[in-house]
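Participant:
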Amino acid sequence: MATRQYNGENSLKAMPQTLTLDHVSPATRLLEKRRQMFEVQEALDAQKQLYIAKEEAFRLREEALRKKDLELQENLLKFKKFLQENESKKNRAEKRARDEEKQRLVKEAEIVKLKAELQRQQEHKVEMEQKAENLRKYQEYLHRVVDSATEEYSEIQDLLSRHRTLQDANSDLSHNQWETESSLEATRNDLTRYVKELENDNLNFNNELATLRDELAATKHEVARDRLHEEEGLHDVANERKELFQVLLSVENLLRRCQAKKKIKKAESAGGRLGGGITFADLGRIGEDSMVSLEEVAMYMVDYQDIVEEWFRGQAQVVRHSETEGSESEAKRTVSGGGGGGGAADGIAMPKGGAFSVDAK
Numbered sequence: 001m002a003t004r005q006y007n008g009e010n011s012l013k014a015m016p017q018t019l020t021l022d023h024v025s026p027a028t029r030l031l032e033k034r035r036q037m038f039e040v041q042e043a044l045d046a047q048k049q050l051y052i053a054k055e056e057a058f059r060l061r062e063e064a065l066r067k068k069d070l071e072l073q074e075n076l077l078k079f080k081k082f083l084q085e086n087e088s089k090k091n092r093a094e095k096r097a098r099d100e101e102k103q104r105l106v107k108e109a110e111i112v113k114l115k116a117e118l119q120r121q122q123e124h125k126v127e128m129e130q131k132a133e134n135l136r137k138y139q140e141y142l143h144r145v146v147d148s149a150t151e152e153y154s155e156i157q158d159l160l161s162r163h164r165t166l167q168d169a170n171s172d173l174s175h176n177q178w179e180t181e182s183s184l185e186a187t188r189n190d191l192t193r194y195v196k197e198l199e200n201d202n203l204n205f206n207n208e209l210a211t212l213r214d215e216l217a218a219t220k221h222e223v224a225r226d227r228l229h230e231e232e233g234l235h236d237v238a239n240e241r242k243e244l245f246q247v248l249l250s251v252e253n254l255l256r257r258c259q260a261k262k263k264i265k266k267a268e269s270a271g272g273r274l275g276g277g278i279t280f281a282d283l284g285r286i287g288e289d290s291m292v293s294l295e296e297v298a299m300y301m302v303d304y305q306d307i308v309e310e311w312f313r314g315q316a317q318v319v320r321h322s323e324t325e326g327s328e329s330e331a332k333r334t335v336s337g338g339g340g341g342g343g344a345a346d347g348i349a350m351p352k353g354g355a356f357s358v359d360a361k
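Position one of the sequence shown corresponds to residue 1 (our numbering), numbered consecutively onward.
#1: In or out: V40 buried (at least 16 other Cβ within 10 Å) or exposed?
#2: Which whole runs of the beta strand (DSSP E) in the region 184-227 are 3 residues long or more, in chain order?
#3: Under 7 Å, do V237 and L294 count as touching if we go by C-beta distance?
#4: Grouping DSSP H, G and I as helix and E and B as strand, with all else coil, what is L30?
#5: Report the rounded CA-to-CA distance for L228 versus H221, giving the unit in angstroms.
#6: How should L255 be labelled, buried or exposed, when 16 other C-beta atoms within 10 angstroms of its C-beta is the threshold for buried?
#7: Would L135 and I156 qualify as a contact pair, given that the criterion is a beta-carbon distance under 7 Å?
#8: So, using beta-carbon positions, are L248 and S290 closer together than 7 Å?
#9: Going by DSSP in three states, S25 sits in which element: helix, strand or coil?
#10: Please go through the same chain and pick out, in chain order, the residues whose beta-carbon is closer than 7 Å to the beta-carbon of L212, but skip the five residues on each side of it.
#11: Rounded C-beta distance between V145 and L159? I'm assuming under 8 Å.
#12: Do you know how far the Cα of A43 is from the Cα of E32?
#13: Taking the beta carbon of V297 as the centre, do at least 16 other beta carbons fall within 10 Å, making it buried, or is it exposed?
#14: Pick out the complete alpha helix (DSSP H) segments inside the region 28-69, 4 residues or longer, and give them in chain order.
#15: In angstroms, rounded to a whole number, what distance separates the CA positions of S174 and N189?
#16: Keeping to the same chain, check which residues put their C-beta closer than 7 Å to that of R285; ignore five residues upstream and five downstream.
#17: What is the DSSP secondary structure of E155, reduced to helix, strand or coil?
#18: Quick one: Cα of A132 to Cα of E140, how far?
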């Protein structure tokens, strides 16, 4: 803002001043105008040179700023790279510190373990020294044994070898004894298991035998019940057969009585046809013959009924004729209340529905 104000003041000072020439000639006025134009042109050239100078200064300043910016960017990159290197160095240092801390802890643990091992070894040393001290008397005893038995054992090593041999033999015998006892125990277990299996099998067989006995009893009961039902069925069949025989004999008797009136030759009797070795086919055939006989009896009954009705019609005519002749005597009997005899009509009555009946007075 100060630069712009400064430039404006310089421009105002550089502008030519206009002269007030009111009473001059046109040529003078023209010259004055040219002078003013020349001054204005000089002022414009001066301003132009000034602008060019300022532009150059601005350009130089811009280049300087650009260079500073590039330097700042380069410095920033270098600083960033420096920070990254420092960060990586810091991370490596921290990692190295952690690793060293872990190694320190491991070493301390190893130290503690080694101290404990050292303590154990020292205790073991003391124990072994005490054990050696305790075994020294046996060594002395072995020396005395060797000295006293020079013919059989010349050195202590021979005596120890003999002892190891005897010890191995004892171990073998102990192992054999253990194997024998184990085998015996296994045999006993097998025997016990076999006895238990036999007992279980025996128990199962007894249970199956009891079940079979129950089934046998139930089967016998069912057989007895079936026999009873069979006997009842045979009895029912015998009764039905007896009823059938009676029906067939009744039909045969009716047929014979009807045929006796007309003196027709008698057919074979139902009793002869219902002999011992009769079959269901024979029964069917006998039944068909009985139906034919029943139809024949029915025909005889119809004929007999027609004869009886004809006879009743004749008797009715006779009665009506008698009633016409004896109406007076009938009236007298009616008035007197007598009911001794009613003529032939008193002993005969027409059947109802085509049937007939005879009063037996």
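In this text, a Cβ means the ideal position worked out from N, Cα and C, and glycines have one as well.
Facilitator: According to the data block:
#1: Counting from one through the sequence shown, the residue named residue 40 turns up at place 40. V40 sits exposed, since fewer than 16 C-beta atoms from the chains shown fall within 10 Å of its C-beta.
#2: none
#3: For the purposes of this step, residue 237 is identified with residue 237 of the sequence shown, where counting begins at 1. For the purposes of this step, residue 294 is identified with residue 294 of the sequence shown, where counting begins at 1. Their beta carbons are not under 7 Å apart, which means V237 does not touch L294 by this criterion.
#4: Stepping through the sequence shown from its first residue, residue 30 is reached at position 30. Helix.
#5: Against the sequence shown, residue 228 aligns to sequence position 228. Against the sequence shown, residue 221 aligns to sequence position 221. Going from the Cα of L228 to the Cα of H221 covers about 10 Å.
#6: Within the sequence shown, numbered from 1, the residue matching residue 255 stands at position 255. L255 comes out buried.
#7: As a first step, residue 135 must be located in the sequence shown, where it is residue number 135. As a first step, residue 156 must be located in the sequence shown, where it is residue number 156. Result no, Cβ atoms of L135 and I156 do not sit closer than 7 Å.
#8: Position 248 of the sequence shown holds residue 248. Position 290 of the sequence shown holds residue 290. Result yes, Cβ atoms of L248 and S290 sit closer than 7 Å.
#9: Within the sequence shown, residue 25 is the residue found at index 25, counting from 1. Here S25 sits in coil by DSSP.
#10: On the sequence shown, position 212 is the one that residue 212 refers to. The answer is none, since no qualifying residue turns up.
#11: In the sequence shown, the residue the question calls residue 145 occupies position 145. In the sequence shown, the residue the question calls residue 159 occupies position 159. V145 to L159, Cβ: 6 Å. Contact.
#12: Counting from 1 along the sequence shown, the entry for residue 32 is found at position 32. Counting from 1 along the sequence shown, the entry for residue 43 is found at position 43. The alpha-carbon atoms of E32 and A43 are separated by roughly 16 Å.
#13: Within the sequence shown, the letter at position 297 stands for residue 297. Under this definition V297 is a buried residue.
#14: none
#15: Taking the sequence shown and counting its residues from 1, one reaches residue 174 at position 174. Taking the sequence shown and counting its residues from 1, one reaches residue 189 at position 189. Each residue's Cα considered, the two are about 22 Å apart.
#16: On the sequence shown, residue 285 is found 285 positions in, with the first residue counted as 1. If we look at R285 and ignore the five residues flanking it on each side, it has no Cβ neighbours.
#17: For the purposes of this step, residue 155 is taken as the residue at position 155 of the sequence shown. Residue state, collapsed to three classes: coil.
#18: Reading the sequence shown from its first residue, position 132 is the one you call residue 132. Reading the sequence shown from its first residue, position 140 is the one you call residue 140. Note on geometry: alpha-carbon atoms of A132 and E140 lie some 12 Å from one another.
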